[in-house]
């Protein structure tokens with residue numbers, strides 16, 4: 005039998021940069037962009053076209069709500085280590101809560117049409 009592969013490099017030799025601020029920045033920017041698009045769609049539809057909201061508009065709104073839930077879920081996960089290396093997480097990090105939040109994230113991702 006072959007020997008075990010060498011273990012991963014020790015923590016001091018790896019980058020300790022946290023990407024949590026990048027994750028928060030991208031999620032915040034996308035939240036604002038998506039919200040502006042949805043608001044613009046409803047304003048154009050109701051004020052300029054003077055039309056009633058149809059089923060496609062409500063589906064658009066449900067998609068926006070789903071996107072917001074997905075973003076908020078990822079923002080919450082930054083409190084539990086998202087964007088940081090595992091070896092940089094403190095011992096006080098509640099991995100149990102993190103796994104539950106991740107499970108919710110998986111449900112949100114998999115239930116999209």
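In my numbering, the protein residues as written are 5 to 117.
Ideal Cβ positions, reconstructed from N, Cα and C, are used throughout, including at glycine.
Inset, instruction - Assuming residue 79 contacts residue 23 (C-beta within less than 8 Å), just tell me the rounded distance between them. - result: Incorrect: roughly 14 Å between the Cβ atoms, too far for contact.
Inset, instruction - With residue 75 as the anchor, note down where its alpha helix (DSSP H) starts and where it stops. - result: 59-81
Inset, instruction - Taking 9 Å as the cut-off, decide whether the C-beta atoms of residue 74 and residue 42 are in contact. - result: no
Legend entry - For residue 45, three-class secondary structure by DSSP: helix
Inset, instruction - Measure the Cβ-Cβ separation of residue 37 and residue 46 and say whether it is below 9 Å. - result: no
Inset, instruction - Would you tell me roughly how many angstroms separate the C-alpha atoms of residue 27 and residue 88, rounded to the nearest one? - result: 10 Å
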